[in-house]
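Protein chains in written order, with our numbering: chain A, 1 to 342; chain B, 1 to 342; chain C, 1 to 342.
Have a look at this one:
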């Protein structure tokens, strides 16, 4: 694709030779001729000077730092995302149902949808326009998959769960398994049947081996535009607001409510029955034990040390009580010394 | 179902109109006409006053707080669990082997069992009376699945592993993968074949994408009544006592022994080669580094703070050493001051 | 197998009766007649005295502590690993493609390879000599699986990813799902197509439900001899050096580089865009927030306490600031007292 055509499709302005052929994106360091790169911050200017890219995306304020043909964008990273998408359109699978798939005659599969090999789809399930369900996925009774959604191989969706339009669900994800609900009676655990569903909005991406449990009584709800990385655990009756993003290995316990636009770093844990306001950012490895009412950034992950220094620091923490007592004693003694002196 | 009939099946007493028709359970807040709700603690009485439920389960001591038809139970939460089960009986799959399943002629499948589409079952495997193996499960050689057990789609059970009666295993669970056993020789890792099995008792539930590894030499053992949430990792040769319950994202390292009735909150980590007594409760996010001999509750998860406050607190921890030294110095000086004064 | 034959195959010397028949390995405690055990440290000598094993592997320095027939090895644990492998050779699946597998005519499957039931393999994929792909695995376009590799059931490999020779990949592992890459534009997340691959070296083992994401622009790289336990998350563009070993539930964020021979304990978290030198050992539950330039052992996991003691300790941490201020005040007062006295 010519650079000028790319700029036009991106809706951004161009400086320099628009006839350059662009066939792929790459980082400043790795780019070769025919590749488009991007500069997201002035500090990477050194890499820009050495790049072999044929063109670059950068902020209008920085347009004079290079002589390369360049696309100007007030959000170079978003512009790069769009350019990457234009240069790497999704490979569509052929429409139709593979002969090895097992699809109930009572399922509703749009003729434009692609159902891969060794898929099973139960009665009452619906697969929308241009949706793709790849090999080995299993959709239970009355599941609904929205238009243009893509399920990679080996995704499981339990009965009655709903996935919106343009979803991307990665392999091994499990949507709608039972929430962890038990009542204790005389030391034994009685299962509480989980009769809610999972309801997922539009434009949601769910990572590999992530699990979203069905609600106990009412539904677990994932808002529009939510992005979940791999190996995340969303418990029953959680509600994720629009455009929430969570990095890998995070866990959200039952009935937590997370406000729109909030983010959780990798390995974060959010306890149950609490709520986070909109725009709350929980850093990686942080453990959230109570509700957060104000937007902002919150942390609790302990910085690491060389092992022996850490052992000493950890042991010292138990001595703060002692320190408080000794300092209190010193204060009293000093007060009495001053008194006796006066 | 009429409320009186429900009370009779639950073995609990009824106050008020037993002819009310009940078709579902719901929370006090969400309940509609025809639904049964429950009050687990006096503090939810306000919600009880406003509920649209047609009937409610509560403790005999609280029977006068409402005029609604009510079932009296000394354990309202357990009673609600049972009522939910009565009103939502498990949908049984049709018995028989789906034509797309690949079942070894040397496997033993009870005629009452249901084997779903695209399942594979290897030689020597046994599936018990009324057991259900849903789509895409893979049972290796000599696996045994007990009577009335239910495997949701995409469960994998490695060779020779045993699962007891009435198990519920959720999608993506992997039972019997190799434990992580390697010997280091000249900087390289030599695999130690894992020749133990996984042996799972009766009435066990295992969550989605949870993994239970096979033993190195002897077996990994999961006791009767154990309940494991999603994305839990049970390493080789772990022994979980009866009725242990663990919330999501927990990990238990090799050869740990966890006593009956113990619980681990979400994201807890239990190191290897240690043992926890019966009735040990490890709170969410806690890291257990040594054996615990006494029943009780144990914690280590750091409470979060606003990010900048946390950075300061974390930095301060390294100064406890300094504080101890300074306080020691002060004590000496004060002692000498007092001495010189005397 | 006779003990003498085993010693010969292991390349180690033998003391005592080499005609003993050995059919399995076992721990000192559990071993029965006909079984071989091992002593890795002098402190287990008591168990050695009581063992029913027919023979034992131990260090030459300890050869006189038992009268049992014994194999002498300078690395008894590695020797035991090899003996276990000799006594438990891997069961090979029959070569050929199972009739229920769906294999593209444009895939290249070596005739010696074994493709199990209900596997799907897309166009351009290659499966090498003596490789085994078990039931329910899905290999996308242009995937390459090296000679002698073994994929357990339900493994998914996304398009263009490469797995080297002698790999062992456990069930539920997902290789090559999209990295978590999004650009924020006006509060919404724009997907950045992930156009790199995953490239895995030789002799790598990957645990059950572990995920290794494909690179954003360039590849995610797993070096030769790397061993990953279950439920590990390797993000896009991570580079794992040779013989890195990681225990379960660890996470490595995007673009982290981990040096050869490094290890990470269970539940460790490594943040993104940093690098660890060779020979760095991160203990279980540790959170690595910045690069580590020197080999050594590093920690941050908080030791647990009885719950109430922990609550007090955690609250005390917020008082270090106060302590520092009070001690500073005391020092000033004492200085002025000494001054006035002088």
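Beta carbons: idealized from backbone N, C-alpha and C, even for Gly.
query: Residue 35 of chain B - containing beta strand (DSSP E), residue span; result: 35-38
query: Neighbouring residues, chain A, relative to residue 231 of chain B (Cβ below 7 Å); result: 211, 231 and 233
query: Chain B residues whose Cβ lies nearer than 7 Å to that of residue 310 of chain C; result: 299 and 300
query: DSSP beta-bridge partners of residue 252 of chain B; result: B:234 and B:270
query: Beta carbon of residue 136 of chain A nearer than 8 Å to that of residue 120 of chain C; result: yes
query: Residue 63 of chain B, DSSP secondary structure in three states; result: helix
query: Chain C within 8 Å of residue 178 of chain B, Cβ atoms only; result: yes
query: 3-residue-minimum beta strand (DSSP E) runs that sit fully inside the stretch 10-60 of chain A, ordered along the chain; result: 13-15, 35-38 and 55-58
query: Rounded C-alpha distance that separates residue 427 of chain B from residue 288 of chain B; result: What the structure shows of chain B is the stretch from 1 to 342, and residue 427 of chain B is not part of that stretch, so it cannot be assessed.
query: Contact the stretch 33-46 of chain C vs the stretch 72-90 of chain C: 3+ CB pairs below 8 Å; result: yes
query: Those residues which DSSP pairs with residue 108 of chain A across a bridge; result: A:126
query: Closest by C-alpha distance to residue 96 of chain B, when choosing among B:132, B:296 and B:85; result: B:132
query: The stretch 234-252 of chain A touching the stretch 208-217 of chain A, judged by at least three CB pairs closer than 8 Å; result: yes
query: Under 7 Å by beta carbon: chain C residues contacting residue 193 of chain B; result: 84, 85 and 88
query: Rounded separation between residue 214 of chain C and residue 146 of chain C - CA only; result: 18 Å
query: C-alpha gap between residue 279 of chain A and residue 304 of chain B, whole angstroms; result: 17 Å
query: Rounded straight-line distance, which links the Cα of residue 284 of chain A to that of residue 66 of chain A; result: 36 Å
query: Own chain residues within Cβ distance below 7 Å of residue 267 of chain A, not counting five before or after; result: 249, 250, 284 and 285
query: is_contact[residue 196 of chain A, chain C] using C-beta, thresh 8 Å; result: no
query: Reference residue 17 of chain C, options C:26, C:7, C:11 and C:185, closest by Cα; result: C:7
query: For residue 96 of chain A: DSSP bridge partner residues; result: A:114
query: Contacting positions in the stretch 144-161 of chain A - beta carbon closer than 9 Å to chain C; result: 152, 153 and 154
query: First and last residue of the uninterrupted alpha helix (DSSP H) at residue 84 of chain C; result: 76-87
query: Continuous alpha helix (DSSP H) stretch holding residue 308 of chain A: start and end; result: 307-317
query: Per-residue DSSP class, three states only, for residue 340 of chain B; result: helix
query: Beta carbon proximity, residue 320 of chain A to chain B, threshold 8 Å; result: yes
query: Against chain A: residues of the stretch 10-43 of chain B by CB proximity under 8 Å; result: 24, 25, 26, 27 and 30
query: Residues that residue 296 of chain A bridges to, as DSSP identifies them; result: A:280
query: As assigned by DSSP and simplified to three states, the class of residue 191 of chain B; result: strand
query: Residue burial classification, residue 129 of chain A (beta-carbon count within 10 angstroms, cutoff 16); result: exposed
query: Beta-carbon spacing of residue 158 of chain A, residue 181 of chain A below 8 Å; result: no
query: is_contact[residue 303 of chain C, chain A] using C-beta, thresh 8 Å; result: yes
query: Beta-carbon proximity of residue 277 of chain B to residue 259 of chain B, cut-off 8 Å; result: yes
query: Contact between the stretch 292-301 of chain C and the stretch 315-328 of chain C (3+ Cβ pairs under 8 Å); result: no
query: Assigned secondary structure, residue 165 of chain B (DSSP; H/G/I helix, E/B strand, else coil); result: coil
query: Where the stretch 259-272 of chain A meets chain B: residues whose CB sits under 7 Å from a CB there; result: 269 and 271
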